[in-house]
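See below for the structure under consideration.
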Ligand code: UT7
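In my numbering, the protein residues as written are 12 to 338.
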């Protein structure tokens with residue numbers, strides 16, 4: 012049986028680090044460092060420089076992931092990019108990254124599932140590897156939300172940041188089907204419910220005849236969905252593999268709000284040091300948040316062979332999902 016193993020992860024953050032106080036000053040926001048920290052756990056975010064695109068950041072993150080994995084451009088035969096802030100409607104940001112990395116074979120395309128984008132992209136890549144369409148895939152989350160934020164809406168603009176993360180997946184022959192002890196992605200679980208599309212969306216876009224092109228979020232509504240849906244999708248991942256919460260080595264959650272992250276850690280009975288947290292420094296980088304967090308964990312030498320790593324995310328759509336991998 013073929014398994015997709017996560018070989019390594021890389022990340023990239025723009026140079027401009029903006030504290031809560033600096034953000035308030037820069038955009039004339041009626042907010043405070045205390046409010047932002049207390050409600051979300053965010054202390055700062057990185058913002059892309061003028062001209063710095065999702066493809067440029069995704070390329071940098073992918074390069075670091077490939078270096079850490081010891082994988083050359085010639086080995087990659089799939090580039091799958093999760094982004095809600097592509098450089099342009101088309102071509103896909105994935106092909107821009109593919110070209111920048113000097114990859115000339117295989118395929119490249121984008122996946123759009125907002126903050127759940129990386130989990131969706133990972134699931135697609137895993138399916139394609141197990142199905143034999145690819146052997147070595149780059150899965151990238153990259154976002155420049157600073158370009159779609161309404162800088163007059165203090166309820167949303169303080170929560171997001173820019174950045175990119177990437178992982179390299181490779182097909183490996185495994186043992187018995189479904190063996191949970193085997194290294195690689197054990198399962199992924201995707202959900203969507205478009206009835207809630209309007210609680211977190213971008214107003215208008217290239218195919219619309221109106222709209223500002225800016226992000227709108229009913230934060231409290233999204234929060235309520237997050238707590239219940241993430242708990243359910245984590246249980247689903249454990250049940251699908253006959254594992255219990257005590258088996259989890261690491262939780263790498265989508266980084267939207269420390270209160271949601273803490274609730275999930277508590278639900279799983281994990282001590283805080285087993286939950287990878289970046290929201291304090293990166294804010295919510297949407298599809299980039301999980302691979303960026305993985306990249307930090309890899310750099311810190313946290314994941315050891317055999318560790319069970321659980322990923323979970325929720326975002327616009329609504330979309331939500333989880334993935335379980337043996338490192
Ligand atoms: O990545 C996709 C998933 N996204 C999420 O998971 C986000 C989920 N939602 C959240 O994280 C939280 O709901 C927020 C952080 C967005 C907001 O926290 P909250 O505790 O739900 O606050 P709230 O929206 O209920 O707002 C409380 C008060 C309001 O004032 P009133 O109506 O109580 O007088 C807001 O107007 O805080 C006010 N407020 C602010 N005050 C200072 C909203 N934004 C700000 C701000 N600074 N930046």
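Where is the CB? At the ideal position from N, CA and C, for every residue including glycine.
Beta-carbon spacing of residue i, residue j below 8 Å
i           : j           : result
residue 203 : residue 329 : yes
residue 153 : residue 92  : yes
residue 22  : residue 72  : yes
residue 103 : residue 121 : yes
residue 66  : residue 37  : no
residue 177 : residue 76  : yes
residue 161 : residue 58  : no
residue 80  : residue 90  : no
residue 82  : residue 147 : yes
residue 282 : residue 129 : no
residue 269 : residue 52  : yes
residue 31  : residue 13  : no
residue 175 : residue 150 : no
residue 286 : residue 254 : no
residue 200 : residue 236 : no
residue 15  : residue 195 : yes
residue 231 : residue 214 : no
residue 249 : residue 325 : no
residue 331 : residue 127 : yes
residue 180 : residue 252 : no
residue 193 : residue 185 : yes
residue 339 : residue 56  : No information on residue 339 is available, as it lies outside the stretch 12 to 338 that the chain covers here.
Simplified DSSP state of residue i, which is helix, strand or coil
i           : result
residue 119 : strand
residue 138 : helix
residue 197 : strand
residue 18  : strand
residue 106 : helix
residue 300 : helix
residue 6   : An answer regarding residue 6 cannot be provided, because it is not within the stretch 12 to 338 covered by the chain.
residue 207 : helix
residue 241 : helix
residue 30  : strand
residue 228 : strand
residue 157 : helix
residue 331 : strand
residue 63  : coil
residue 212 : strand
residue 95  : coil
residue 283 : helix
residue 46  : helix
residue 221 : coil
residue 75  : helix
residue 69  : helix
residue 39  : coil
residue 202 : strand
Closest by C-alpha distance to residue i, when choosing among the options
i           : options            : result
residue 257 : 319, 299, 59, 327  : 319
residue 244 : 144, 212, 198      : 198
residue 158 : 20, 303, 216       : 216
residue 275 : 316, 16, 321       : 321
residue 84  : 113, 16, 305       : 113
residue 246 : 194, 278, 64       : 278
residue 9   : 253, 49, 111, 69   : Nothing can be reported for residue 9, as the shown portion of the chain is limited to 12 through 338.
residue 124 : 141, 95, 40        : 95
residue 239 : 171, 272, 229, 164 : 272
residue 18  : 27, 316, 63        : 316
residue 313 : 323, 205, 326, 260 : 260
residue 284 : 308, 229, 20, 63   : 308
residue 209 : 138, 327, 49, 143  : 327
residue 292 : 266, 126, 40       : 266
residue 50  : 323, 296, 290      : 290
residue 143 : 119, 183, 300      : 183
residue 97  : 212, 138, 35, 156  : 156
residue 165 : 40, 138, 211, 110  : 40
residue 233 : 225, 211, 218      : 211
Residue i burial status per 10 Å Cβ neighbour count (16 or more: buried)
i           : result
residue 298 : buried
residue 223 : exposed
residue 220 : exposed
residue 337 : buried
residue 61  : exposed
residue 88  : buried
residue 171 : buried
residue 99  : exposed
residue 45  : exposed
residue 20  : buried
residue 304 : buried
residue 323 : buried
Min CB distance residue i to chain B below 8 Å
i          : result
residue 87 : No chain B is present in this structure, which holds just one protein chain.
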